[in-house]
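Notes follow once the structure below has been shown.
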């Protein structure tokens, strides 16, 4: 039944839009101009991307059919762009690792799964993904210098946010502490990290931090970059957590303490669940930002999705097809970011619907210990 | 009398302080050992040494490889300042227009702008930057330059614009008139005298020495006259403006939508047109809500300008990185980099704090 109602409602909203676009003579003129501009953009773009595009063959086929996109180039290079320098015969491994990480992210997005088991799933999933990527136990070991492409982008983002989250909670609690030392340390870390560009944090991690280690001890560059992303994420998440904590009425803490719970217990079971719930949407927008910002590791010479695309476009056999490479990875970034943003909006609407969310349970199983009301 | 909890807190903090100090000491000792092995000592003396590298883009300050590293860093700072200033002004202008257009009652117009904003917001800035830089380098040479508007040329040498030279006094007087307008509340009852006088003097000065617009023209294999933005600078500026204006358009849209509906209805009831309502009623309220967000957007534009290093535009990060790599003094160059950006962020934070206090004091804050 709803199947017959819904399309009708949709056509009517399209009809309303069309009617409004031509409501007055001025509106009609504006609509005509907009249509002209849109056509001037879309028509050449469609001609480039579809009509005169070359779908298969070699670089010379593309050059002969000048004027269109060379999707044959993407066909040749998709494996490299997605998986970087990972040995070609072993490409199923980064594929599997990326799939595991994406599955974890998707599960984390479903409120019904916000239980203690999710933490266990993350631990197991990360271990599995690392094992599959790195090798050992029967698989050939692939050093991180050969990791690249989509798995690296997904790993930096998801591990950066997942690792930054607990640190962010500590930093936020520290900044709101009555004691001077935690307040000073947490405040300094958050302000310094938020005050400088991500590139500066990456340079610090890759160029300066190794100098401060004992001689002979060297840390993997990708691990350093991952640590930098975690630190950077924790500072931004900490500010979101702090603003959530500010929205929790102080009497909640008093009530918890009056019940005989300790400070940590009150925080863990009463204050933090409420605080984190209110700022979930800002976590999502931070996540979208980080998914895009991990591309900055191009600058320290690591191979994420953007850098593999750039190097593919610099292949002497396929020079000049940079637009195809950037459009290809741009579409991947767009889908990821748009899906995340869309999820954030859905979460916000859902929270508005269920109030502050009696049934909205929390990540980190913070509410798992709360007795049912 | 101190409670047991207080005593425990003091003890724990003492312990924490001790651990932090120990960690810092350990890292510092390791650093000293590593530096000694490389034959380096900490210090800023290297800033006086000759740079031995070229800088592609120099504005205002000439530079040659024989000049000192310190001078190179100042050139980089000026480049960052140039990109930041132009970028912030343009991004706010474009973002305002886009934000207002997204509130248009015309669905087609709204949809077109929204599509552009969504594409830019959902792809990384670095991708946009690399794409624009590659596209500009792939343009034809000056002889076949594209010229979308008279006097503007796009070629693989970059973007060439007409140069406008205005008399020095005209600029000073116009700035004085603007300053007097901004400070009109402090000038008392006859506040209009100062800006009017400055404007009149500026007009006289402009008549005495009229502004000259010099269009570039092709000479040999390159353009002569006009102002040339290198491909790197043009790409960086375009990417930063596109990216940040998409975010600013959201800020503008949100701030306008946050103005209570009743105010708009009241203006309508008074017979104001849509444009008048927007300009006289909605914008003054929305602007106050926007200012802090516009400022943070400008700060993130300035921080994002550090992506220049990816396309080889010599901003301060790129030059500090080069200097650090060449001399081995990367600790010192990183300290300078952090100091530059941190002081900027703290300065803006302090200014915003004062602005908020001002709003609260004058009772003009909304919500």
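Protein chains in written order, with the working numbering: chain A, 527 to 899; chain B, 2 to 368.
The beta carbon of each residue, even a glycine, is placed where N, CA and C say it ideally should be.
With distance defined between alpha-carbon atoms, name the residue in 704/A, 801/A and 712/A nearest to residue 7/B. Here residue 7/B corresponds to residue number 6 of the second chain, with the count starting at 1. Comparing Cα positions, the closest option is 704/A.
Using the beta-carbon count (16 or more within 10 Å), is residue 5/B buried or exposed? Indexing the second chain from 1 puts residue 5/B at position 4. Burial call: exposed.
Since residue 739/A meets chain B, which of its residues come closer than 7 Å, beta carbon to beta carbon? Within the first chain, residue 739/A is the residue found at index 213, counting from 1. Simply 31.
Step through the CB atoms of chain E and report whether any lies within less than 8 Å of the CB of residue 327/B. No chain E is present in this structure, whose protein chains are A and B.
Straight-line CA distance for residue 787/A to residue 13/B? Mapped onto the first chain, residue 787/A falls at position 261. Mapped onto the second chain, residue 13/B falls at position 12. Answer to the nearest angstrom: the Cα atoms are 21 Å apart.
In DSSP terms, what residue 223/B is bridged to: Reading the second chain from its first residue, position 222 is the one you call residue 223/B. Answer by DSSP bridge pairing, in chain order: 220/B.
At 9 Å on the CB atoms, spell out the chain A contacts of residue 372/B, in chain order. With chain B represented from 2 up to 368, any question about residue 372/B goes unanswered, as that position is not in the structure.
Label residue 587/A either buried or exposed according to how many other C-beta atoms from any shown protein chain fall within 10 Å of its C-beta, with 16 as the threshold for buried. Indexing the first chain from 1 puts residue 587/A at position 61. By the 10 Å Cβ count, residue 587/A comes out exposed.
Using beta carbons (cut-off 8 Å, strictly below), is residue 848/A in contact with chain B? Mapped onto the first chain, residue 848/A falls at position 322. True, the Cβ-Cβ gap to chain B drops below 8 Å.
Going by the CB atoms, is the gap between residue 807/A and residue 870/A shorter than 8 Å? Numbered from its first residue, the first chain carries residue 870/A at position 344. Numbered from its first residue, the first chain carries residue 807/A at position 281. The answer is yes: Cβ separation under 8 Å.
Within 10 Å of its beta-carbon, does residue 745/A have 16 or more other beta-carbons around it, so buried, or fewer, so exposed? For this step, residue 745/A is matched to residue 219 along the first chain. Exposed: under 16 other Cβ atoms inside 10 Å.
Between residue 730/A and chain B, is any beta-carbon pair separated by less than 8 Å? Position 204 of the first chain holds residue 730/A. Answer yes: the Cβ-Cβ gap between residue 730/A and chain B drops below 8 Å somewhere.
Contact belief for residue 759/A with residue 687/A at Cβ below 8 Å, rounded distance in angstroms: For the purposes of this step, residue 759/A is identified with residue 233 of the first chain, where counting begins at 1. For the purposes of this step, residue 687/A is identified with residue 161 of the first chain, where counting begins at 1. Contact flag correct, Cβ pair sits at about 5 Å.
I think residue 48/B touches residue 329/B, with their Cβ atoms under 8 Å apart; what is that distance to the nearest whole Å? For the purposes of this step, residue 48/B is taken as the residue at position 47 of the second chain. For the purposes of this step, residue 329/B is taken as the residue at position 328 of the second chain. 14 Å between Cβ atoms; not a contact.
By the 7 Å beta-carbon criterion, what residues does the stretch 535–567 of chain A contribute toward chain B? Against chain B - using a Cβ distance shorter than 7 Å - the residues of the stretch 535–567 of chain A are 543, 546, 547, 553, 556, 557, 560, 561, 563 and 564.
Within chain A, partners of residue 98/B - CB distance below 9 Å: The sequence position of residue 98/B within the second chain is 97, counting from 1. Near residue 98/B there are no residues of chain A at all, since even the closest Cβ is about 14 Å away, more than 9 Å.
Residue 124/B (DSSP reduced to helix, strand or coil): Looking up residue 124/B in the second chain gives position 123. Residue 124/B: coil per DSSP, three-state reduction.
Please determine, among 154/B, 229/B, 56/B and 132/B, the residue with the shortest C-alpha to C-alpha distance to residue 72/B. To locate residue 72/B, count along the second chain from 1; it is residue 71. Answer by Cα proximity: 56/B.
Which residue wins for smallest C-alpha separation from residue 342/B, given the options 358/B, 325/B, 359/B and 321/B? Here residue 342/B is taken as the residue at index 341 of the second chain, counted from 1. If we check each option's Cα against that of residue 342/B, 321/B comes out closest.
Chain B partners of residue 863/A, CB-CB under 8 Å? The sequence position of residue 863/A within the first chain is 337, counting from 1. The answer, in chain order, is 122, 123 and 124.
Give me the chain A residues within the contact set of residue 108/B, using Cβ-Cβ distance strictly less than 9 Å, ordered along the chain. Within the second chain, residue 108/B is the residue found at index 107, counting from 1. Near residue 108/B (Cβ distances below 9 Å), the residues of chain A are 542, 543, 544, 546, 547 and 557.
Taking residue 873/A as part of the alpha helix (DSSP H), name the residues at either end of that continuous run. Here residue 873/A is taken as the residue at index 347 of the first chain, counted from 1. 848–879 is the span of the alpha helix (DSSP H), which, as asked, contains residue 873/A.
Kindly indicate if chain B contains any beta-carbon less than 8 Å away from that of residue 818/A. Reading the first chain from its first residue, position 292 is the one you call residue 818/A. Interface residue, yes.
Chain-order list of residues whose beta-carbon lies under 7 Å from that of residue 307/B (same chain, five-residue window excluded): Reading the second chain from its first residue, position 306 is the one you call residue 307/B. 316 and 318, listed in sequence order.
Kindly list the residues whose CB is nearer than 6 Å to the CB of residue 154/B, restricted to its own chain and excluding five residues on each side of it in sequence; keep chain order. Locating residue 154/B in the second chain gives position 153, counting from the first residue. Result list for residue 154/B: 146, 148 and 161, in chain order.
Where do the ends of the beta strand (DSSP E) carrying residue 214/B lie? Sequence index remark: in the second chain, residue 214/B carries index 213 (1-based). Per DSSP, residue 214/B belongs to the beta strand (DSSP E) from 213–215.
Are the C-beta of residue 4/B and some C-beta of chain A separated by less than 8 Å? Position 3 of the second chain, counted from the first residue, corresponds to residue 4/B. It does not; no Cβ of chain A falls within 8 Å.
Do we get a CB-CB distance below 8 Å when we pair residue 825/A with the residues of chain B? In the first chain, residue 825/A corresponds to position 299, counting from 1. Contact of residue 825/A with chain B is assigned, a C-beta pair being separated by under 8 Å.
Could you tell me which chain B residues have their CB closer than 9 Å to the CB of residue 859/A, listed as they occur along the chain? Here residue 859/A refers to the residue found at position 333 of the first chain. The contacting residues are 123, 124, 125 and 128.
Per DSSP, the bridge partner or partners of residue 51/B: Numbered from 1 along the second chain, position 50 holds the residue referred to as residue 51/B. 69/B, per the DSSP bridge assignment.
Based on DSSP bridge pairs, tell me the residues matched to residue 832/A. Looking up residue 832/A in the first chain gives position 306. Per DSSP, none; premise fails for residue 832/A.
Given residue 216/B as reference, the closest of 210/B, 227/B, 223/B and 207/B once Cα atoms are compared: As a first step, residue 216/B must be located in the second chain, where it is residue number 215. With distances taken between Cα atoms, residue 216/B lies closest to 227/B.
Can you give the beta carbon distance from residue 655/A to residue 611/A, rounded, assuming they're within the 8 Å contact cut? If you number the first chain from 1, residue 655/A lands on position 129. If you number the first chain from 1, residue 611/A lands on position 85. No, residue 655/A and residue 611/A are not in contact; Cβ-Cβ is about 18 Å, not under 8 Å.
Integer Cβ distance of residue 396/B from residue 300/B, believed to fall under 8 Å: Because chain B in this structure spans residues 2 to 368, residue 396/B falls outside the shown range and cannot be described.
So, under 8 Å CB-CB, residue 836/A and residue 824/A are touching, yes? Tell me the CB distance rounded to an integer number of Å. For this step, residue 836/A is matched to residue 310 along the first chain. For this step, residue 824/A is matched to residue 298 along the first chain. Right, the Cβ-Cβ distance comes to about 7 Å (below 8 Å), so this counts as a contact.
In DSSP terms, what residue 929/A is bridged to: What the structure shows of chain A is the stretch from 527 to 899, and residue 929/A is not part of that stretch, so it cannot be assessed.
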